[in-house]
Amino acid sequence: MSNQSLHVSISAEPIFRIFGLEISNSIFTSLIVSFLLIVFAIFFRSKFKNTDKPSSLQNFVEMIVEALYNFVYSITENTKKTLLFFPVISTFFIFIILNNYIGLLPGVGSILTKEAEAQTEITQVASDQEILEAVAEEEEIVESAVHGEPIHAKMVPVFRAATADLNTTLALAIVSVMLTQIFGISHLGFSYFKKFIDFSNPVNFFVGILETVLEFAKIVSFAFRLFGNIFAGEVLLVVMTYLISIAVPAPFYALELFVGFIQALVFSMLSLIFFNLATKSHHEEDHAVAESK
Amino acid sequence: MQDLAIALTMALGAFAPAISIGILVSKALESIGRNPEASNKIQTSMILGMAFAEAIAIYALVVALIIKFV
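One line per chain: the protein sequences are A and B, in this order. Under this note's numbering, the residue at position 49 of the first sequence is numbered 49, and the numbers go up by one with no gaps. One gets this note's numbering by counting positions in the second sequence from 1 and adding 1000 to each.
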């Protein structure tokens, strides 16, 4: 056990299967985080009292809610829009920051289990897919050759920070950009698409095409920013601990705490700014410009 | 040869974002010095700009990690 090489994998490995659907370790961890959040929310709601002397838990939660509300209000400057955007933005923030911090807990990444085997029950008509799958996972060939007797099982971590998996961050990015479109359409009607298709001017036409490309670039940028920061932090910690296991990884943990917070903040703030831009009609902009003069 | 590619990807990829973050923060500090009342708004925009610039360096890091581990 003393001279193990580094095992870092970019993609999350499946740890078990339910009805043929693969559950990977990052989905499992994010489900645990969601479950904890829902249980905490229900528990807190039952303890909530409308009083002038709140308990310490209520004080803490109120502090968080108030900080997030002021943060959203400081960018939108409009109570109706704040109430509309506040649940989504604070959910993004709390979900991302908890998922980032779960990756730092002891046990995440170090408790190992056997990887889920490829399905070998469908052997009658082995499609190309099955053959490719069997060839891709070399360990599985060894395992299925000696039926029921695993010679060399690949061990993978049970828990893994959900935001260190590109699937989660891509999903969050798609949700955020889809919400900008939905908010834009609900506020401005179908004239929201005038931003992308504008025939008044050749220059505006190209600006419209650029805006369309920019929407897709936003998805990629959101996903990779969050994924890169958290995954690179994980790799950094693994490498540091592998090199010198005593005391030196401590400042890197502090860096990871900071980076986790900043990335959650940046994701929420950017989403909020894009929501705000999408719902801002041109009349409001002219009013704002005229007022500030 | 692959190690050289990994190291160069990261080194060259971090060069431009570092300079751009330096310029950004220096301009932000300058404008805070000229107008200390607006420092909150300037700070928010500065952090936002830094996140965009840092994302470019993160893209380079992800490519380097992919070359190394995949």
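C-beta atoms are modelled at their ideal positions from N, C-alpha and C, and glycine is treated no differently.
8 Å Cβ cut-off: residues of chain A touching residue i
{"i": "Phe1015 (chain B)", "result": "In chain order: nothing, as chain A lies at least about 17 Å away."}
{"i": "Ile1032 (chain B)", "result": "What Ile1032 (chain B) touches in chain A: nothing, since even the nearest Cβ is about 17 Å away."}
Selected residue, minimal CA-CA separation from residue i, among the options
{"i": "Ser268 (chain A)", "options": "A:Ser11, A:Leu36, A:Ser90", "result": "A:Ser90"}
{"i": "Pro249 (chain A)", "options": "A:Leu104, A:Ile23, A:Phe159", "result": "A:Leu104"}
{"i": "Leu188 (chain A)", "options": "A:Phe205, A:Ser55, A:Phe231, A:Asn276", "result": "A:Asn276"}
{"i": "Phe224 (chain A)", "options": "B:Ile1067, B:Phe1069, B:Val1070, B:Phe1052", "result": "B:Phe1052"}
{"i": "Ala67 (chain A)", "options": "A:Thr279, A:Thr29, A:Phe93", "result": "A:Phe93"}
{"i": "Leu255 (chain A)", "options": "A:Ser55, A:Leu237, A:Lys80", "result": "A:Leu237"}
{"i": "Phe196 (chain A)", "options": "A:Ala278, A:Met63, A:Ser110", "result": "A:Ala278"}
{"i": "Ser11 (chain A)", "options": "A:Phe19, A:Arg17, A:Ile27, A:Ile18", "result": "A:Ile27"}
{"i": "Phe1069 (chain B)", "options": "A:Ala164, A:Gly228, A:Ala161, A:Ser9", "result": "A:Ser9"}
{"i": "Gly208 (chain A)", "options": "A:Met63, A:Phe193, A:Ala217, A:Ser221", "result": "A:Phe193"}
{"i": "Leu1012 (chain B)", "options": "B:Asn1035, B:Ile1021, B:Ala1060, B:Gly1033", "result": "B:Ala1060"}
{"i": "Ile174 (chain A)", "options": "A:Val220, A:Ser186, A:Val203", "result": "A:Val220"}
{"i": "Ser1031 (chain B)", "options": "B:Met1046, B:Leu1008, B:Ile1067", "result": "B:Met1046"}
{"i": "Ala171 (chain A)", "options": "A:Phe95, A:Pro157, A:Val156", "result": "A:Phe95"}
Opposing strand residues paired with residue i [DSSP bridges]
{"i": "Pro14 (chain A)", "result": "A:Ser24"}
{"i": "Thr113 (chain A)", "result": "A:Val156"}
Residue i: contacting residues in chain B (beta-carbon distance under 9 Å)
{"i": "Met269 (chain A)", "result": "Thr1044, Ile1047, Leu1048, Ala1051"}
{"i": "Arg225 (chain A)", "result": "Ala1051, Phe1052, Glu1054, Ala1055, Ile1058, Tyr1059"}
{"i": "Ser186 (chain A)", "result": "Correct list: empty, because the minimum Cβ distance to chain B is about 25 Å."}
Local conformation of residue i per DSSP, three classes
{"i": "Pro202 (chain A)", "result": "helix"}
{"i": "Met1001 (chain B)", "result": "coil"}
{"i": "His7 (chain A)", "result": "coil"}
{"i": "Ile230 (chain A)", "result": "helix"}
{"i": "Ser1020 (chain B)", "result": "helix"}
{"i": "Val266 (chain A)", "result": "helix"}
{"i": "Gly107 (chain A)", "result": "coil"}
{"i": "Phe86 (chain A)", "result": "helix"}
{"i": "Ile1066 (chain B)", "result": "helix"}
{"i": "Glu143 (chain A)", "result": "Only weak support is given to the placement of Glu143 (chain A): the predicted model assigns it a pLDDT of 45, under 50, and the question is left unresolved by the model."}
{"i": "Glu77 (chain A)", "result": "coil"}
{"i": "Asn50 (chain A)", "result": "coil"}
{"i": "Ala1053 (chain B)", "result": "helix"}
{"i": "Ala162 (chain A)", "result": "helix"}
{"i": "Val259 (chain A)", "result": "helix"}
{"i": "Thr123 (chain A)", "result": "In this prediction, Thr123 (chain A) has a pLDDT of 45, which is less than 50 and means its spatial position is unreliable; what the coordinates show is noted afterwards. Thr123 (chain A) falls in the coil class under three-state DSSP."}
{"i": "Asn1035 (chain B)", "result": "coil"}
{"i": "Ala1014 (chain B)", "result": "coil"}
{"i": "Ala217 (chain A)", "result": "helix"}
{"i": "Leu277 (chain A)", "result": "helix"}
{"i": "Thr1009 (chain B)", "result": "helix"}
{"i": "Val248 (chain A)", "result": "coil"}
{"i": "Ser55 (chain A)", "result": "coil"}
{"i": "Ile42 (chain A)", "result": "helix"}
{"i": "Gly197 (chain A)", "result": "It is worth fixing the name first, because residue 197 (chain A) is Ile in this sequence and not Gly. It is coil, neither helix nor strand."}
{"i": "Phe19 (chain A)", "result": "coil"}
{"i": "Leu1061 (chain B)", "result": "helix"}
Contacts of residue i in chain A (Cβ-Cβ under 7 Å)
{"i": "Val1070 (chain B)", "result": "Ile10"}
{"i": "Val1025 (chain B)", "result": "Residues of chain A passing the Cβ test: none, with the nearest at roughly 15 Å."}
{"i": "Ile1066 (chain B)", "result": "Ile10"}
Within chain B, partners of residue i - CB distance below 8 Å
{"i": "Val330 (chain A)", "result": "In the structure displayed, chain A extends from 1 to 293; residue 330 (chain A) sits before or after that span and is not available."}
{"i": "Ala232 (chain A)", "result": "Ile1058, Leu1061, Val1062, Leu1065"}
Within chain B, the residues that residue i reaches when beta carbons sit closer than 7 Å
{"i": "Val203 (chain A)", "result": "Under the 7 Å cutoff, chain B gives no residues; its nearest Cβ is about 24 Å from Val203 (chain A)."}
{"i": "Val235 (chain A)", "result": "Leu1065"}
{"i": "Ala171 (chain A)", "result": "Ordered by position in chain B, no residue passes the 7 Å Cβ test against Ala171 (chain A), which lies about 17 Å from the chain."}
{"i": "Ser221 (chain A)", "result": "Ala1055"}
{"i": "Asn229 (chain A)", "result": "Ile1058"}
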